[in-house]
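Following my numbering, the numbering of the sequence shown begins with 203 at its first residue and continues without gaps. Here the structure comes first, spelled out in structure tokens, and everything after it is commentary.
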Amino acid sequence: MSKSQKKKNISAEATRNKVRSLVHFCADTGNIWLHEHRMLLIHAEAQGAMRRELIDTLGMDRARALLMRMGFASGAQDAEVFKRQLEGVPDQEAFLVGTQLHTLEGIAKVTTLELDVDRAAGKFSGHFMWENSWEGNWHKKHYGVHTAPTCWSQLGYACGYTSTLMGRPILYKEVECVGKGDRHCRTVGKPLEEWEDAAEFRRIFHPDPIVDELIELQTQVVELRSAINEKEKLPADVVGKSQAFTTAFGLLKQAAASQITVLLQGETGVGKEVFARTLHERSSRSKASFIAVNCAAIPHDLVESELFGVEKGAYTGALTSRPGRFERADGGTLFLDEIGDLPLPAQAKLLRVLQEGEIERLGDHKVRKVDVRLVAATNIDLKQLVQEGKFRSDLYYRLNAFLVKIPSLRERKDDILLLAERFVEKYAAIQGKRLRGFTDKAKRALLAYHWPGNIRELQNMVERGVILAQPGSRIELDQMFSSTAEEGSVEYGVSSTGSLDINRDSTGKELCEAVLDGGLTLEQVESMLIRAAVEKEGGNLAASARALGLTRPQLAYRLGSLQQKGDSSFRLEDPFANPDLY
203 MSKSQKKKNI SAEATRNKVR SLVHFCADTG NIWLHEHRML LIHAEAQGAM
253 RRELIDTLGM DRARALLMRM GFASGAQDAE VFKRQLEGVP DQEAFLVGTQ
303 LHTLEGIAKV TTLELDVDRA AGKFSGHFMW ENSWEGNWHK KHYGVHTAPT
353 CWSQLGYACG YTSTLMGRPI LYKEVECVGK GDRHCRTVGK PLEEWEDAAE
403 FRRIFHPDPI VDELIELQTQ VVELRSAINE KEKLPADVVG KSQAFTTAFG
453 LLKQAAASQI TVLLQGETGV GKEVFARTLH ERSSRSKASF IAVNCAAIPH
503 DLVESELFGV EKGAYTGALT SRPGRFERAD GGTLFLDEIG DLPLPAQAKL
553 LRVLQEGEIE RLGDHKVRKV DVRLVAATNI DLKQLVQEGK FRSDLYYRLN
603 AFLVKIPSLR ERKDDILLLA ERFVEKYAAI QGKRLRGFTD KAKRALLAYH
653 WPGNIRELQN MVERGVILAQ PGSRIELDQM FSSTAEEGSV EYGVSSTGSL
703 DINRDSTGKE LCEAVLDGGL TLEQVESMLI RAAVEKEGGN LAASARALGL
753 TRPQLAYRLG SLQQKGDSSF RLEDPFANPD LY
């Protein structure tokens, strides 16, 4: 075998290992993952039954077009999964990943006959052989030998994968197919415009007219519903469909129609200010000012001047007279966040404003009338503060006239993905990126996470993901979470023999952490690996060396070195003593 052929074989094996390493089977959750995208293991007969129903219902031509588009979507998705993994990888190797995926997913065994690719120049020409094509064999079994190639979804897959990686339309055709009586399937791929009948295939990849009609009808229904429910339309920053959210928002809508003081109660980060702004926008005061104040952020000795204003000379440093937040919110809404942090003197003045609608600036005796709608918010139980003497009971009862409890994100599981998608739209627009949402594993992690920081934490996490994600891709798990949200779920990978092994990525990380944290030394790890290999191969040093990627003399040297250092776990008196072990 020539050196160039050996190099090609090594490269092909490395590609196969790369593909296999991204396939994980999680027995704990029942998920199969291709990197972070969920896959399904489906019976070929069940897939064939669906194919047959499509043919019998739509006819051969329409079924062909639909199955090619389904395959195209699948191939494009696989290419997207590997785009990030293939950064810096030579073009030839990047396209071999697609053939390995085709094989690994049970579609057909793919052999590359010719491949000439240059992504930078937009050049592509490929010639491949498919063996054991499930689609071609199935079609011949159920419909007999056909007059034309029948591996429709497989062709679509090849087109989708290659077109996505090339960034331009690449069309494959079957020049031989088992579905029409040939021994194997052979395909040729090249840019769409280089085919004489390119126009025909452009039509195949366009949506079916029936689908167009259905989408048009669906659009009309959505527009009609939107027109009917325009008054109930949620503001841009308020998203939710869960029962907990709709209950809280229903109370908010009722309060908006009146002038009653509202108290919003909820954990930090649940969006109390967003609710307060929504209340203001839906009220009769929407055209006036909305003034927000975080009471916890104002020093206690400045609270009164900030809320009620100050006259010149009222205290050292008061060089000019200025209005307080109440005067600035006159005619509109004043939002007092973290109201439980107000000092008692300020609480007494606030109660007077609520009862009389009057304020006095600090250092002034002039009474000023104000017309303000007050919305207060707290993340603690004000009733408990009343019992502790830290909050006035009369003010508490005045604020508690209309209480709206805003649920935590943990109580709004149905809203998490809706909110996340809204934040992606927002931050992708800011960053000037076009993103395709989240990977399946990232979505699962979003739903599984306990969200101690609620919506604010979700917003910040999604913003981080948008910044780190590549344009045109999906946000991945590690781009949002600093550590995996699925610890404890054992995943299995596919070995070179096709069996399932414990996912080496997770076990490798654990081993590295054990060494770096000082729990194990590198020498101890080497000893463990050698001992495990020797035990697994029943003392056969030649087989043990092959398993470890060593030569026999290299392994024998390491065994002798470990014995000299007093490692009693190795009982071989002389590593070279038994020639039968070689």
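Beta carbons: idealized from backbone N, C-alpha and C, even for Gly. Note that the coordinates shown come from a computational prediction; the quantities given were computed from them, not determined experimentally.
Lys643 is positioned such that its CB atom lies no closer than 8 Å to that of Leu619.
Between the alpha carbons of Ala734 and Gln279 lies a distance of about 39 Å. The Cβ atoms of Gln549 and Arg594 lie closer than 8 Å to each other.
The three-state reading of DSSP puts Arg527 in helix, counting H, G and I together. Considered as a whole, the segment 337–416 harbours 372–378 and 387–393 as its complete beta strand (DSSP E) runs of no fewer than 3 residues, in chain order.
Only residues of its own chain outside the window of five on either side were considered, and among them Cys361, Gly391, Lys392, Pro393, Leu394, Trp397, Ala400 and Phe403 have a CB closer than 8 Å to the CB of Leu373, listed in chain order. Straight through space, the alpha carbons of Leu481 and Phe537 are spaced by roughly 10 Å. The alpha-carbon of Leu670 is positioned some 38 Å away from that of His245. The Cβ neighbour count for His652, taken over all protein chains shown within 10 Å, is under 16; the residue is labelled exposed.
DSSP places Arg264 in the uninterrupted alpha helix (DSSP H) bounded by Met262 to Lys285. When the Cα atoms are used, Thr470 and Pro654 turn out to be separated by approximately 9 Å. Looking at Val299, Gly250 and Lys343, the one whose alpha-carbon comes closest to that of Lys382 is Lys343. Trp332 is not a Cβ neighbour of Gln294, given a cutoff of 8 Å.
Glu590 counts as exposed, since fewer than 16 other C-beta atoms from the protein chains shown sit within 10 angstroms of its C-beta. Leu504 sits away from Val606, with the two beta carbons spaced by 8 Å or more.
Assigned with DSSP and collapsed to three states, Asn602 falls in coil, not helix or strand.
In this structure, Ser507 lies away from Lys514, with their beta-carbon atoms at least 8 Å apart. For Glu623, the enclosing alpha helix (DSSP H) covers residues Ile618 to Gln633.
The three-state secondary structure of Lys592, taken from DSSP, is coil. In the assembly as shown, Leu315 is an exposed residue. Its beta-carbon has fewer than 16 other beta-carbons within 10 Å. Going by C-alpha positions, Asp532 is about 15 Å away from Glu483. Taking Glu337 as reference, the option from Gly273, Lys325, Ala322 and Leu298 with the minimal CA-CA separation is Gly273.
Residue pairing by DSSP places Met241 opposite Ile234 in a beta bridge. Within the same chain, Leu553 come within 7 Å of Asp596 by CB-CB distance, once the 5 residues on both sides are set aside. The beta carbon of Ile234 sits closer than 8 Å to the beta carbons of Val225, His226, Phe227, Cys228, Arg240, Met241, Leu242 and Leu243 from its chain, once the five residues preceding and following it are set aside; these are given in chain order. Taking Tyr359 as the centre and dropping the five residues before and after it, the same chain places the C-beta of Gly273, Ser276 and Gly277 closer than 6 Å to its C-beta, in chain order. Judged by beta-carbon spacing, Asp539 lies beyond the 8 Å limit of Ala490, meaning their Cβ atoms are not closer than that value. Per DSSP, the beta-bridge partners of Asp320 are Lys325. Annotation for Ala494: the continuous beta strand (DSSP E) segment containing it runs Phe492 to Asn496. Taking 4 residues as the shortest admissible run, the segment 655–680 contains the following complete alpha helix (DSSP H) segments, listed from N- to C-terminal end: 656–670. Looking at the backbone, the Cα of Glu238 and that of Glu678 are separated by about 7 Å. Taken through DSSP and simplified to helix, strand or coil, Ala548 comes out as helix.
Counting along the chain, Glu295 sits inside the alpha helix (DSSP H) bounded by residues Asp293 to Leu306.
Leaving aside the five residues that flank Phe604 on each side, the residues in its chain whose CB is nearer than 6 Å to its CB run, in chain order, Ala457, Ile462 and Val464. Cβ atoms of Thr364 and Phe326 come within 8 Å of each other, at about 7 Å. For Val736, the enclosing alpha helix (DSSP H) begins and ends at Leu724 to Lys738.
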